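Here's the structure we're looking at; comments come further down.
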Amino acid sequence: MSRSNPNEELVNPCKHWFQWDGDKGGFKSYDKETKKNVSIPLPFRFLYLDSLITVTGYNEPEGVGYYSNGVRDIKDVMTVRSKNGIEMTGNWEQIKEKMSAKGADFCQSVYIAFYEGKTLVLGNIKMKGAALGPWFDFRKANNVMDIGISVKEMKEGKKGKVVYQMPVFSVLDIKPATNELAIEIDKPLQEYLKAYLAKNKSTTETTAEPIKSESKSEVKVEDKPKIDSLPKDFDVEEKPIVGGDESDEEPF
373 MSRSNPNEEL VNPCKHWFQW DGDKGGFKSY DKETKKNVSI PLPFRFLYLD SLITVTGYNE
433 PEGVGYYSNG VRDIKDVMTV RSKNGIEMTG NWEQIKEKMS AKGADFCQSV YIAFYEGKTL
493 VLGNIKMKGA ALGPWFDFRK ANNVMDIGIS VKEMKEGKKG KVVYQMPVFS VLDIKPATNE
553 LAIEIDKPLQ EYLKAYLAKN KSTTETTAEP IKSESKSEVK VEDKPKIDSL PKDFDVEEKP
613 IVGGDESDEE PF
């Protein structure tokens, strides 16, 4: 928004949106033109740029998808929406019980730089479900600002009778030139996020009131993931490798 164009909408500079496929393993990306999910073969390599907390998910019985605004802190207010309008408002501790039962997931929206062919571009990975725990563990063990990240393999997990696949994150050395390119890609992202968070805070303060929490328990993310599932009308097709190649062991 500006003085000369007050109705200008914020445009996210992200080029591709990914998420982990907990059923089959590997990453997938939704193609808006074909309206299909495409699978991204491993290895997948990327540089961490930034992340927000958000809510996403799908209620298969009702055929309803969920999404929310992104926030910096787990205590910040999120407004969960669907095609039916506002579903619930509050921080994660306040909304998790009701929304999780409907199919909504806690999600880290992770902005990344990755190679598309020989060009480093901006992308985003929704770390949720089977990917969330491994991602948190990896971040605790590593300074993600100083390294490249590679997913070359996956490992099996089990919850009750449900078997799922988890990504295995590993450290990748990065070339100084790649790091410099990532810094340049991050600059317009930070301009966007600054404007987005300011606009979102203003909207939340004027239109949404957080619900009262009946629980005094400590805020935490569930230790065991909810398994991702695709809507039945989503087809999956193969797509050329994005973000990785056979020289995965060499510096990024």
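In this note's numbering, the protein residues as written are 373 to 624.
Note that CB positions come from ideal geometry on N, CA and C, so glycine has one too.
Owing to the predicted nature of the structure, the values given are computational and were not obtained by experimental measurement.
Exposed unless 16 or more other CB atoms sit within 10 angstroms - verdict on residue i
{"i": "P539", "result": "buried"}
{"i": "V482", "result": "buried"}
{"i": "F624", "result": "buried"}
{"i": "T461", "result": "buried"}
{"i": "A485", "result": "buried"}
{"i": "I412", "result": "buried"}
{"i": "V534", "result": "exposed"}
{"i": "E528", "result": "exposed"}
{"i": "N515", "result": "exposed"}
{"i": "K387", "result": "exposed"}
{"i": "Q562", "result": "exposed"}
Inter-residue spacing [alpha-carbon to alpha-carbon] between residue i and residue j
{"i": "V427", "j": "G489", "result": "31 angstroms"}
{"i": "W507", "j": "E381", "result": "32 angstroms"}
{"i": "D393", "j": "G505", "result": "14 angstroms"}
{"i": "N384", "j": "P548", "result": "27 angstroms"}
{"i": "K571", "j": "K498", "result": "22 angstroms"}
{"i": "E556", "j": "K566", "result": "16 angstroms"}
{"i": "G398", "j": "E525", "result": "8 angstroms"}
{"i": "A473", "j": "E434", "result": "13 angstroms"}
{"i": "F390", "j": "F510", "result": "18 angstroms"}
{"i": "F541", "j": "G501", "result": "15 angstroms"}
{"i": "V443", "j": "Q466", "result": "15 angstroms"}
{"i": "G532", "j": "K468", "result": "21 angstroms"}
{"i": "Y568", "j": "M450", "result": "14 angstroms"}
{"i": "K559", "j": "G437", "result": "31 angstroms"}
{"i": "K408", "j": "E459", "result": "26 angstroms"}
{"i": "V410", "j": "L494", "result": "18 angstroms"}
{"i": "D395", "j": "Y564", "result": "33 angstroms"}
{"i": "I546", "j": "N496", "result": "19 angstroms"}
{"i": "A554", "j": "G475", "result": "35 angstroms"}
{"i": "K530", "j": "D445", "result": "30 angstroms"}
Of the residues the options, the one placed nearest residue i, counting alpha carbons only
{"i": "Y536", "options": "K559, A503, Y568", "result": "A503"}
{"i": "L492", "options": "E552, K533, E459", "result": "E552"}
{"i": "P415", "options": "D448, Y487, K447, A473", "result": "Y487"}
{"i": "W464", "options": "V436, D448, K531", "result": "D448"}
{"i": "K573", "options": "A513, E459, N441, A554", "result": "N441"}
{"i": "N431", "options": "K470, I446, I546", "result": "K470"}
{"i": "K512", "options": "V543, L494, K530, G495", "result": "V543"}
Strand pairing of residue i, partner residues [DSSP]
{"i": "S423", "result": "V482"}
{"i": "M526", "result": "P539"}
{"i": "A473", "result": "Looking at the DSSP assignment, A473 forms no beta bridge with any residue, so it has no partner."}
{"i": "T428", "result": "Y439, D477"}
{"i": "D632", "result": "Lying outside 373 to 624, the shown extent of the chain, residue 632 is not represented and no answer is given."}
The ligand SAM heavy atom lying under 8 angstroms from the CB of residue i
{"i": "S522", "result": "For the ligand SAM, the structure offers nothing, since it holds no ligand at all."}
Subject >> the stretch 471-479 touching the stretch 415-432, judged by at least three CB pairs closer than 8 angstroms >> reply: yes
Original post:
Are there three or more Cβ pairs, one per stretch, closer than 8 angstroms when the stretch 451-462 is compared with the stretch 393-406?
Top reply: no
Original post:
Taking one C-beta from the stretch 515-529 and one from the stretch 417-424 each time, how about it: are there three or more such pairs within less than 8 angstroms?
Top reply: yes
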